[in-house]
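If you count by the numbering used here, then the sequence shown holds residues 69 to 280, one letter each, in order. Here the structure is laid out as structure tokens; the discussion comes afterwards.
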Amino acid sequence: MPADTEPIPISAVQHAVYCLRQAALIHLERVWAENRFTAEGDVLHAVADKGGSRKARGVRRVLALPLASRRLNLTGVADLVEFAPGPDGETAFPVEYKRGKPKLHRADEAQLCAQALCLEEMTGRSVPEGALFYAQTKRRVTVPFDPDLRALTQGAIADLAAVLASRITPPPTPHKSRCRACSLLDLCRPDTVARPVRQWRDRMLSRALEAP
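Printed below as a string of structure tokens:
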């Protein structure tokens with residue numbers, strides 16, 4: 069990465085998987101809007117942000133652990149990382165706090181996987197799995213960092229890096245359920261913006277088909 073390239077926040081990986089346009093609006097155009105869901109998330113993370121370290125049953129638990137990856141140009145803070153002792157040293161187990169409950173999309177899992185990739189680079193040891201803790205269910209969901217999730221995560225990082233480098237926000241690709249839950253819905257206006265894009269695409273396709 070060039071020396072003057074600004075690191076990508078790990079939290080942006082979740083946004084990029086959920087919607088690349090949302091990620092660009094937040095991290096390129098610096099647009100943000102609070103709603104009930106983002107406010108609840110802020111309250112949940114306030115506990116972890118206090119930081120600290122302690123041991124429980126032999127496991128070292130570190131809150132608000134700074135993370136970074138030079139290879140992926142990522143930086144951020146893990147809510148909680150548990151370090152379990154083993155014969156060859158400690159194995160890291162990242163835990164990310166989330167409001168609500170488990171979701172159908174994999175945006176939360178990708179954010180957690182990005183933390184694992186940073187931990188692997190920082191510690192030189194494999195991080196095979198982590199967990200998402202959801203406030204609504206008050207349960208942990210174990211997330212294995214399998215090849216598919218790693219590929220999804222690194223692909224999202226690469227896509228977002230390209231968008232940030234281009235300084236161009238992608239056009240919307242409306243998705244009813246995701247758009248409805250997005251705090252940027254009124255600022256993004258996916259249906260209004262997407263209509264001219266679709267019309268332009270259809271005109272170009274029509275001309276291409278008519279060409280001799």
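Virtual Cβ for every residue (Gly too), placed ideally from N, Cα, C.
- Cβ neighbours of Arg139 within its own chain (closer than 7 Å, five residues either side excluded): Glu189.
- Per DSSP, the continuous beta strand (DSSP E) segment holding Val163 begins and ends at 159-166.
- By the Cβ criterion, the stretch 92-100 is not in contact with the stretch 172-189, since fewer than three pairs of Cβ atoms, one from each stretch, lie closer than 8 Å.
- With fewer than 16 other Cβ atoms from the protein chains shown falling within 10 Å of its own Cβ, Gly157 counts as exposed.
- Rounded to whole angstroms, the gap between the alpha carbons of Gln222 and Lys123 is 32 Å.
- Contact annotation: the stretch 158-171 does not touch the stretch 221-240, with fewer than three C-beta pairs closer than 8 Å.
- The beta carbons of Glu164 and Leu200 sit about 5 Å from each other, so the pair counts as a contact at 8 Å.
- Within the DSSP secondary-structure output, Lys123 pairs in a beta bridge with Arg128.
- The alpha-carbon separation between Leu148 and Val81 amounts to approximately 18 Å.
- The criterion of a C-beta distance shorter than 8 Å is satisfied by Gln179 and Ser79.
- Closest option to Ile76, judged by alpha-carbon separation, among Ala233, Pro162, Asp254: Ala233.
- In terms of Cβ geometry, Ala132 and Val145 form a close pair [threshold 8 Å].
- Note: Tyr86 is not bridge-paired with any residue in the DSSP secondary-structure output.
- For Val127, same chain residues with a beta-carbon under 6 Å away, outside a window of 5 residues either side, are Glu150, Ala152 in chain order.
- At least 8 Å separates the beta-carbon of Arg174 from that of Leu228.
- For Arg207, the uninterrupted beta strand (DSSP E) segment begins and ends at 207-212.
- By DSSP's assignment, Ser137 forms a beta bridge with Leu142.
- Put simply, of Thr210, Leu88, His83 the residue whose alpha carbon is nearest the alpha carbon of Val231 is Leu88.
- DSSP places Leu228 inside the alpha helix (DSSP H), whose first and last residues are 215-234.
- Leu187 is classed as buried because its beta carbon has at least 16 other beta carbons within 10 Å across all chains shown.
- Pro196 counts as exposed, since fewer than 16 other C-beta atoms from the protein chains shown sit within 10 angstroms of its C-beta.
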